[in-house]
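Novice: Quick one: this structure, given as structure tokens, is what I'll be asking you about.
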Amino acid sequence: MLAPDARPAGGAIPGLAVRVTVAVVLLLVLIAAAALAAAGGVFDSGRGNRSSGGNGSATSLATVQRRTLSQTTQFNGTLGYAGSYTVLSPARGTVTWLPKAGHVVLQGQVLYRVDEAPVVLLYGATPAYRALAEGATGADVAQLNHDLVRLRYLDRSEVDSTWDEFNWATTAGVERLQKHLGVDQSGTLSLGQVVFLPTAARVTTLRAGLGAPASGPVLQTSSTARTVSVALDPDLQSEVTAGDGVTITLPDGTTTRGRVTSVGTVATVSSNNSGGSDTGPTVPVQIRPTNPKAIGGLDQALVEVAITDHTVHDVLAVPVSALLARAGGGYSVEAIARDGTHHLVRVHLGLFDDAVGMVQVSGSGLAVGQRVVVPGE
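Position one of the sequence shown corresponds to residue 257 (our numbering), numbered consecutively onward.
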């Protein structure tokens, strides 16, 4: 018989060994139960809008939508003014007045002065190349008659059937223009008295100085239309076409809409002003802002341009984050059936809309309003 303080061989205590064994078994049971509960959080009825996946990460539910998606490409652009026109003077004499750079000259206003005589801006695509008097005909006469009508120096009914003829009515209209300008009312226009440009002239550069001979370049001008210029990599030329919608992000972070007006067909190489090295060939793209007032007075400011080069309408779409890569290639989404069960649906991808984080999908077993699992916040 053992004494009360005696120990079995090896120092083991039978009661302690039993308690340790029971504790280990209980711990294993608890771990298994926790694992089953975690798995059930993803694959149970899914009645809630948030759950926790088997890896402990939170998930949310999104709805399959039918909507319009657009694909955009980001480019850098420069704000400016459309068009560039060199004003050449054929007149002899001395330049006695010039507008300041940035000044805008409208139809019928004085563009510059030679020997104190005004040289007037009129609108037209055909440049002034001859003196105009009664009996002359041609495209330059037609645009003169249109200008006189717009300036209300001539009634439309007097030239409506003879736009390209310098008739008695044209003579009267020219006399009224000359009276307004305070010059001799001869009813004729000598070469150098008017300048034809396609639009209002915004003076960008003075090519001649006061006191300089009037013959030759006098001014460099642009139109007043706002534009954004993009130097496009030739490899991306096929992705941009005239008429594409764009979003312009201004330096202060605000955005405004616009549309591509032209895409160049020939790549050119421009020089780096600082180092003299070329920057590689580019294709010029011109964009017209939809709301020029949103641009304000910014000129030569750098902007970001997102060009919408492809749009699809009335397609099924899900959040990009709902896509699950398949081991054998392709993608699936984790969909929730009406009874709350979860199952994978294989999908084919279409257009990605980065602006809204959605992707076009198609696949058997996917319908509008169906819920899919996405990573939670």
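Glycine is no exception: its CB is placed at the ideal position from the N, C-alpha and C atoms.
If we require 3 or more residues per run, which beta strand (DSSP E) segments fall completely within the segment 516–566?
Specialist: 524–527, 534–545
Novice: Under 8 angstroms from any heavy atom of the ligand MG, does the C-beta of P454 make it?
Specialist: Ligands displayed in this structure: none; no statement on the ligand MG is therefore possible.
Novice: CB D570 to CB S326, shorter than 9 angstroms?
Specialist: no
Novice: For N547, count neighbouring C-beta atoms within 10 Å of its own C-beta (all shown protein chains included) and say buried if the count is 16 or more, exposed if not.
Specialist: exposed
Novice: Looking at L447: is its Cβ nearer than 9 angstroms to the Cβ of R386?
Specialist: yes
Novice: Got a sec? Which residues, its chain only, sit under 8 angstroms from R513 by beta carbon, not counting five neighbours each side?
Specialist: For R513, where only same-chain residues beyond five positions count, the Cβ hits under 8 angstroms are G501, V502, T503, I504, P545, T546, N547.
Novice: If you follow the alpha helix (DSSP H) that H436 is part of, which residue opens it and which one closes it?
Specialist: 424–437
Novice: Since I believe R412 is in contact with Q363 (beta carbons under 8 angstroms), could you give me their beta-carbon distance rounded to a whole number of angstroms?
Specialist: Between R412 and Q363 the Cβ distance is about 16 angstroms, and since that is not below 8 angstroms, they are no contact.
Novice: Could you give the DSSP three-state label for D570: helix, strand or coil?
Specialist: In the structure shown, D570 adopts extended strand secondary structure according to DSSP, grouped into three states.
Novice: Leaving aside the five residues before and after A398 along the sequence, list all residues of the same chain whose C-beta is less than 7 angstroms from its C-beta, in chain order.
Specialist: Around A398: W419, D420.
Novice: Decide if the segment 425–433 is in contact with the segment 343–360; the criterion is three or more beta carbon pairs, one per stretch, under 8 angstroms apart.
Specialist: no
Novice: Per DSSP, what kind of secondary structure is R412 in: helix, strand or coil?
Specialist: Reduced to three states, the DSSP call for R412 is helix.
Novice: Between the Cα of T315 and those of L605, V615, E590, Q616, spot the shortest distance and give me the residue it belongs to.
Specialist: E590
Novice: Give me, in chain order, the residues of the same chain whose beta-carbon lies closer than 6 angstroms to that of D396; leave out the 5 immediate sequence neighbours on both sides.
Specialist: T382
Novice: Mind checking whether L488 and G520 have CB atoms under 9 angstroms apart?
Specialist: yes
Novice: Can you list, in chain order, the residues of its chain whose CB lies under 6 angstroms from that of T567, leaving out five sequence neighbours each side?
Specialist: S326
Novice: Looking only at DSSP bridge pairs, what is N332 linked to?
Specialist: E560
Novice: Is the CB-CB distance between V484 and V559 below 9 angstroms?
Specialist: yes
Novice: Does R458 get closer than 9 angstroms to chain B when you measure Cβ to Cβ?
Specialist: In the displayed structure, chain B is absent; only one protein chain is listed.
Novice: Sort E495, R582, G621 by Cα distance to T564 and report the nearest one.
Specialist: E495
Novice: Who are the Cβ neighbours of T517 in its own chain at under 7 angstroms, not counting the five residues just before and after it?
Specialist: A498, Q542, I543, R544
Novice: Is L492 near T329, with beta carbons less than 9 angstroms apart?
Specialist: Less than 9 angstroms separates the beta-carbon of L492 from that of T329.
Novice: Counting along the chain, where does the alpha helix (DSSP H) carrying Q399 start and finish?
Specialist: Unbroken alpha helix (DSSP H) run through Q399: 395–406.
Novice: Do you know whose CA, among T324, T319, L317, T480, lies nearest A611's CA?
Specialist: T324
Novice: Are the Cβ atoms of R515 and Y337 separated by less than 9 angstroms?
Specialist: No; because the gap between Cβ atoms is not below 9 angstroms, this pair is not in contact.
Novice: Using only alpha-carbon positions, find the residue among G467, G472, T477 that is nearest to S340.
Specialist: T477
Novice: Find out if the Cβ-Cβ distance for the pair V320, L622 is shorter than 9 angstroms.
Specialist: In contact: V320 and L622 (Cβ atoms closer than 9 angstroms).
Novice: Since A318 contacts V630 with CB under 8 angstroms, what's their CB separation in whole angstroms?
Specialist: 5 angstroms
Novice: Only counting runs of 3 or more residues, tell me where the beta strand (DSSP E) segments fall wholly within the segment 331–390, in order along the chain.
Specialist: 341–345, 351–353, 366–370, 373–379
Novice: Just list the residues that DSSP pairs R602 with in beta bridges.
Specialist: S588
Novice: Assign V525 to one of two classes, buried (16 or more other C-beta atoms within 10 Å of its C-beta) or exposed (fewer than that).
Specialist: exposed
Novice: So, are the CB atoms of T511 and T480 less than 9 angstroms apart?
Specialist: Result no, Cβ atoms of T511 and T480 do not sit closer than 9 angstroms.
Novice: Would T342 pass as a contact of L388 if the rule is Cβ separation under 9 angstroms?
Specialist: In this structure, T342 keeps its C-beta atom at 9 angstroms or more from the C-beta atom of L388.
Novice: Compare the beta carbon distance of N332 and V561 with 9 angstroms and say whether it is the shorter of the two.
Specialist: Contact flag set, yes.
Novice: With respect to the beta strand (DSSP E) encompassing W483, which residues constitute its N-terminal and C-terminal limits?
Specialist: For the sequence presented, residue 483 should be read as Thr rather than Trp. Where T483 is concerned, the enclosing beta strand (DSSP E) stretches over 482–488.
Novice: Just curious, the beta strand (DSSP E) that R458 is in, first and last residue?
Specialist: 457–462
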